[in-house]
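First the structure, in the form of structure tokens, and then the observations on it.
In the working numbering, the protein residues as written are 942 to 1273.
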């Protein structure tokens, strides 16, 4: 009687589910570990065949543009890399086109892992590959070539006017060049909250909180309004200027100051300023998003049993929405 190992049993269980992207990832890991990479590669290659039915429309006319699983190309490259066949892994990603997922470019990461710097540099030169640009800059920074990393971002900023400057500013700030970082972000001249958030953080880190407040004032005057997403940035800047009480008063007076998200933001400001008791008093234990902030604060105050009881409290049941029929009137 042949006794299968747990890995072999897992492989057989996963084999019929190669179309499921998450199970296919597990299949690759187990299959390569068992030395059955060729079998897995054959399955994935079949999924990429030109006349393979499209996962979206069912037609073979799409020519494998939308394979199932969607990450079949990346997984096939993983198989080849796991077999030590790096050149073939690179060729797979170049031939079929890799799929960046969660800001990760599989081909760029593969080139980084195998120190193929010249190929990575050429790949990152394409204006449509921001993830590859980031990988190139991060690799240069890790090797101590900060000037090279800066140049990569500056060059790419000509094509990507948002993310490349943001990454450049963060790079400069990490290396004690906060003043330059501020100028990079200021040049964007944007009221987008994520841009202003980074810029205000840079002002605070450089000891220039007053300039941060002046920047917010200018934005408010230009737009004749200040939503909470931007107003909340005043709190840390005022606190850095020694005006925490004024920050609290202004936050409470804001039209959105009583909202759950504003209260949570204000509690965080108080906690960061060393006033956890006041922060705890603001938070609502019945709100799940407040509990996450409330638990650590209770522990900080020595109220451990309360924190444990709070975090063990079951989530409130959310009733299912009533079934609705078809309607051509909003909300659809």
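Glycine is no exception: its CB is placed at the ideal position from the N, C-alpha and C atoms.
Taking 8 Å as the cut-off, the beta carbon of residue 1221 is found no closer than this to the beta carbon of residue 1207.
Residue 1057 sits in coil when the DSSP states are folded into three classes, being neither helix nor strand. In this structure, residue 1145 lies away from residue 1169, with their beta-carbon atoms at least 8 Å apart.
If you draw a straight line from the Cα of residue 1014 to the Cα of residue 1201, it is about 44 Å long. A distance below 8 Å separates the beta carbons of residue 1040 and residue 1011. Considering only 1113, 1087, 1083, 1125, the residue with the shortest C-alpha distance to residue 1099 is 1125. Taking residue 945 as the centre and dropping the five residues before and after it, the same chain places the C-beta of 953 closer than 8 Å to its C-beta, in chain order.
Per DSSP, the continuous alpha helix (DSSP H) segment holding residue 1087 begins and ends at 1087-1097. Straight through space, the alpha carbons of residue 1251 and residue 1193 are spaced by roughly 26 Å. Looking only at 1162, 1167, 1106, the smallest Cα-Cα distance to residue 1139 is reached by 1106. Taking the C-beta atoms as reference points, residue 1078 is found nearer than 8 Å to residue 1108. Within the DSSP bridge table, the entry for residue 1042 names 1045 as partners.
Cβ atoms of residue 1174 and residue 1141 come within 8 Å of each other, at about 5 Å. Annotation: residue 988 to residue 972 spans about 17 Å, alpha carbon to alpha carbon. With respect to residue 1016, residue 1034 sits apart: the two C-beta atoms are not nearer than 8 Å. Residue 1232 is positioned such that its CB atom lies closer than 8 Å to that of residue 1226. Bounds of the alpha helix (DSSP H) holding residue 949 are 947-955. Inter-residue distance for residue 991 and residue 1024 is about 25 Å (C-alpha atoms, whole angstroms).
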